[in-house]
Structures are given as C-alpha cells and as structure tokens.
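**Student:** Under the working numbering, the residues of the sequence shown are numbered 147 to 233, in order.
Note that the Cβ used here is the ideal one computed from N, Cα and C, for glycine as well.
Keep in mind it's a predicted model, so treat the numbers as computed, not measured.
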Amino acid sequence: MTNDKRQMTNDKRQMTNDKLDFKLPNHSATESALRREIFEQPAALARFFDRERAHVARIAEKLRAQNIQYVVVAARGSSDNAATYAK
147 MTNDKRQMTN DKRQMTNDKL DFKLPNHSAT ESALRREIFE QPAALARFFD RERAHVARIA
207 EKLRAQNIQY VVVAARGSSD NAATYAK
C-alpha cells in the first residue's frame, strides 16, 4: 500500500508510517499462529482497503442517505475485542 504518508512492503517486511518505523520479525515454524497473524494484520488490512475501497464507499453513501442515528455492536469473546475497535 502506498500513499503520501504510508508505505508498506512485504518483501522487506518493513512498514513505515508518519509516526512509526519498524521491521517485522521473520516467521519461523515454531512461533504461534496468533503471533504470525498479529504481524500479518497491517498488510492484510492494506490489501483489503486497496481492493474494497470503492465498495465500502458505495455502502457508506447508502448508509449516510438513510440518516442512521446510531449503531449497536454486539459481540462475545474475542469478537468483543474487535467490536470495541469497530466503535
């Protein structure tokens, strides 16, 4: 993903942002799947936003036109943590 403030490259396993600059660790067969997924999230989100940006914009436009006053997010377990960030 590239724009004026962010650049992410999988080949160098490095992510730069206007506020942070760090290298992702190399993944070994012995590390946990959870740890691996955590470090894969920035690249996965970048791919999602690049691929779905126009689709999300169309949905957002339709939702704005309905004058929705509030949204209730309900979740349990680990999904509850994700729902907290969605708020």
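Locate the alpha helix (DSSP H) running through residue 187, then write down its first and last residues.
**Tutor:** As a working mapping, residue 187 is identified with position 41 in the sequence shown. 179-211 is the span of the alpha helix (DSSP H), which, as asked, contains residue 187.
**Student:** Can you give me the start and stop residues for the alpha helix (DSSP H) that residue 220 sits inside?
**Tutor:** Along the sequence shown, read from residue 1 onward, the residue named residue 220 stands at position 74. Where residue 220 is concerned, there is no enclosing alpha helix (DSSP H), given that its DSSP letter is neither H nor E.
**Student:** Does the distance from the C-beta atom of residue 229 to that of residue 219 stay below 7 Å?
**Tutor:** For this step, residue 229 is matched to residue 83 along the sequence shown. For this step, residue 219 is matched to residue 73 along the sequence shown. In this structure, residue 219 lies closer than 7 Å to residue 229 by Cβ.
**Student:** Taking just the CA atoms, how far does residue 222 sit from residue 147?
**Tutor:** Here the question's residue 147 lines up with position 1 in the sequence shown. Here the question's residue 222 lines up with position 76 in the sequence shown. Residue placement at residue 147 is flagged as unreliable, the pLDDT there being 43, under the threshold of 50; the coordinate-derived value follows with that caveat. Their backbone Cα atoms lie some 32 Å apart in a straight line.
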